[in-house]
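Under the numbering used here, the first residue of the sequence shown is numbered 2, with each subsequent residue one higher. Glycine is no exception: its CB is placed at the ideal position from the N, C-alpha and C atoms. It should be emphasised that the depicted structure is a prediction, and the values quoted were computed from it without experimental measurement.
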Amino acid sequence: MHNNSRVPANTTDIENTIVTWLQRLIDEQDIFNSLTQSSSSSYLRNCNQFSKTTSYIEPLLLLAILFHTNQPGPITELISTLLGLRIPSLGRTINGWRKLFFQTVFTENMIANQVARIPITPKLSRHLVGHLPTQCMLQLLKSHAFAKNKLHTKKWIIGQIRESVRPIHPLLPELLEAHITHSFTSNSNNSSSLNSDIPSITNSISSSTITTNPTASTAYINLSLISEQELINEFTNSKSSNLIQFCAPGIHLQSKINHKSVNRLYISTTEQDFTPQLLFLYYAFFVFDYQFNLRLTSNRHRLLNEPSCVYSNKLWDIIPITYLLRYARAHLSDYRSLYPKLLQ
2 MHNNSRVPAN TTDIENTIVT WLQRLIDEQD IFNSLTQSSS SSYLRNCNQF
52 SKTTSYIEPL LLLAILFHTN QPGPITELIS TLLGLRIPSL GRTINGWRKL
102 FFQTVFTENM IANQVARIPI TPKLSRHLVG HLPTQCMLQL LKSHAFAKNK
152 LHTKKWIIGQ IRESVRPIHP LLPELLEAHI THSFTSNSNN SSSLNSDIPS
202 ITNSISSSTI TTNPTASTAY INLSLISEQE LINEFTNSKS SNLIQFCAPG
252 IHLQSKINHK SVNRLYISTT EQDFTPQLLF LYYAFFVFDY QFNLRLTSNR
302 HRLLNEPSCV YSNKLWDIIP ITYLLRYARA HLSDYRSLYP KLLQ
């Protein structure tokens, strides 16, 4: 006769065990990560393709986001990838687990806390694979599901753009588009939203809806978007190439003539990677196009003293658009996901 203790646990026991295990992974992630890094540090030093973002928390957070946005297909794909097995669509099984995870593990508070910990991926390019923080941020921006937690994303996006290199990661253009779209389609009439980067989802509006308070709308958009001054800083700061500044259309001709070591400037920057500048340029382009198309689809005329774009000519004067486009075309294989968008 078999001992009753050997009888397989019932469904409730299995669920409780899984929930406890997941909660422990989340609560003690710093401990687990430090142990993993110390035990494999010698191995990781020899594997340049791995980054500091290879923690298990990124796929776990991505799984939480997919559960909240009810995407059975991507959930099945993610679980298959994590297990290294091809599994059939989970279908009804996923629906059964959603409610349990919502209430116990993947709560909105958990999402908010984890998003604040999302690291920036160093030297992000298409060579890096796996469940990157960029995927998590993209899903958050596209879903609007966790806006009530007032998650801030602008500084993270600026930091990730700065850390991007060629060949460009294919998710980056989509990430910028999602951030801009979110900024324009969020209602600014909720005063509490003006202090956050992502407003409540209950206050989101469609792209064809017009706010009755253009001033408030502009104020909110300026808080959410990468500002004009922030973009200017990216093209004029000490980390930006002198060649970028030299080719800007707004630079006075005499300043160009008197520029020191012009010939050496071209030689020394031959191998410069302008991926961040191209991404910031695309960001500015997309904002301009989105605001223009939004006004067309809503059939709204520009109000008196209302700017045609949140970015003025001051910004366009310091961006060497022609030079950057030629650079992207010269390295077309590295920018296949971005170059066509820059020309639209």
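query, result
"Answer yes or no: do H69 and R127 have a C-beta to C-beta separation smaller than 8 Å?", "no"
"Taking DSSP as the reference, what is the three-state secondary structure of S184?", "helix"
"Assign S225 to one of three DSSP states: helix, strand, or coil.", "helix"
"Do you know how far the Cα of A179 is from the Cα of E229?", "18 Å"
"For the candidate residues F281, S313, S184 and T82, whose alpha-carbon lies nearest to that of L295?", "S184"
"For H69, report the span of its alpha helix (DSSP H) as first-last.", "I58 to H69"
"Go ahead and label D335 buried or exposed: buried means 16 or more other beta carbons lie within 10 angstroms of its beta carbon, across all protein chains shown.", "buried"
"Can you name, in chain order, every residue of its own chain whose Cβ lies under 7 Å from the Cβ of T54, other than the five neighbours on each side?", "With a pLDDT of 43 at T54, under the threshold of 50, the modelled position of that residue is not reliable, and the figure given next carries that caveat. P120, T122, L133 and P134."
"In chain order, what residues of the same chain have a beta carbon less than 8 Å from the beta carbon of Y291, not counting five sequence neighbours either side?", "I181, T182 and F185"
"What are the start and end residues of the alpha helix (DSSP H) that includes A285?", "T276 to T298"
"Pick helix, strand or coil for L125, following the three-state DSSP scheme.", "strand"
"So, under 8 Å CB-CB, Y284 and L177 are touching, yes? Tell me the CB distance rounded to an integer number of Å.", "5 Å"
"On the CB-based measure, 16 or more other CB atoms within 10 Å of its CB, does Y328 come out buried or exposed?", "buried"
"Beta-carbon separation of I233 and L316 under 8 Å?", "yes"
"What is the rounded straight-line gap between the Cα of R330 and the Cα of F281?", "17 Å"
"Mapping the DSSP letters down to three states, classify S205 as helix, strand or coil.", "Here S205 scores only 30 on pLDDT, less than 50, and its place in the model is too uncertain to base an answer on."
"With distance defined between alpha-carbon atoms, name the residue in K100, F236, I319 and R118 nearest to R163.", "F236"
"Can you tell me whether DSSP reads S338 as helix, strand or coil?", "coil"
"Could you tell me the distance, in whole angstroms, from the CA atom of P73 to the CA atom of L297?", "36 Å"
"From the DSSP output, which residues share a beta bridge with S165?", "L125"
"In terms of residues, what are the limits of the alpha helix (DSSP H) holding T1?", "Outside the displayed span of the chain (2 to 345) sits residue 1, for which this structure offers no information."
"With 16 as the cutoff for other CB atoms within 10 Å, does I15 come out buried or exposed?", "exposed"
"Out of curiosity, what's the CA-to-CA distance linking P277 and V166?", "7 Å"
"Look at the alpha carbon of L62 and the alpha carbon of V106, and state the distance between them as a whole number of angstroms.", "11 Å"
"Look at Q140 and L172 and say whether their C-beta atoms are less than 8 Å apart.", "no"
"With distance defined between alpha-carbon atoms, name the residue in L84, H145 and W98 nearest to I112.", "H145"
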